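One structure is given below, encoded as structure tokens.
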Amino acid sequence: MEQTITLNLPYDLTDDEWDKVIDVFSSLDGWLPATDEPTWYGSPGEPRHVAASMEPGGLVLQGRLEPGLWTGWVSVLCARLSLALGREIRDAEM
190 MEQTITLNLP YDLTDDEWDK VIDVFSSLDG WLPATDEPTW YGSPGEPRHV AASMEPGGLV
250 LQGRLEPGLW TGWVSVLCAR LSLALGREIR DAEM
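As structure tokens, this is what we get:
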């Protein structure tokens, strides 16, 4: 099943903040460093994957993982981003 979530991460971060975001991305389980966009577990279209894109409304994550893994993975991402940036990062629709 395809999952999507938008996080309340603004697109106009400072360079230092973007460096922190990239550090968090690369620390997550499944990180694939040699791709054009932030990607984990596999490329979009593969049975198991997560990809991120920055949109005006926030950071959009789209992927296909087992529901429990998706929930846990997004929770860890939000917690690590919140600590790194010093502000709460969460589902933008909450």
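Plus 189 on top of the position in the sequence shown (first one is 1) and you've got my numbering.
Built from N, CA and C at the ideal position, the CB exists for glycine as well.
Every value quoted in this text rests on a predicted model; they were computed, and no experiment measured them.
Burial is judged here by how many other beta carbons sit within 10 angstroms of a residue's own beta carbon; residue 241 has at least 16 and is buried. Uninterrupted alpha helix (DSSP H) stretches at least 4 residues long and entirely within the stretch 233 to 275 occur at 256 to 274, given in chain order. Residue 278 sits in coil when the DSSP states are folded into three classes, being neither helix nor strand. Here the stretch 217 to 231 does not lie against the stretch 202 to 209, with fewer than 3 beta-carbon pairs under 8 Å apart. Distances from the CA of residue 196 to each of 256, 251 and 257 were compared; the closest alpha carbon is that of 251. The beta carbon of residue 228 sits closer than 6 Å to the beta carbons of 221 and 240 from its chain, once the five residues preceding and following it are set aside; these are given in chain order. Exclusion of the five residues before and after residue 213 leaves 269, 270 and 273 as the residues of its chain whose Cβ lies within less than 6 Å of its Cβ. At least 7 Å separates the beta-carbon of residue 281 from that of residue 231.
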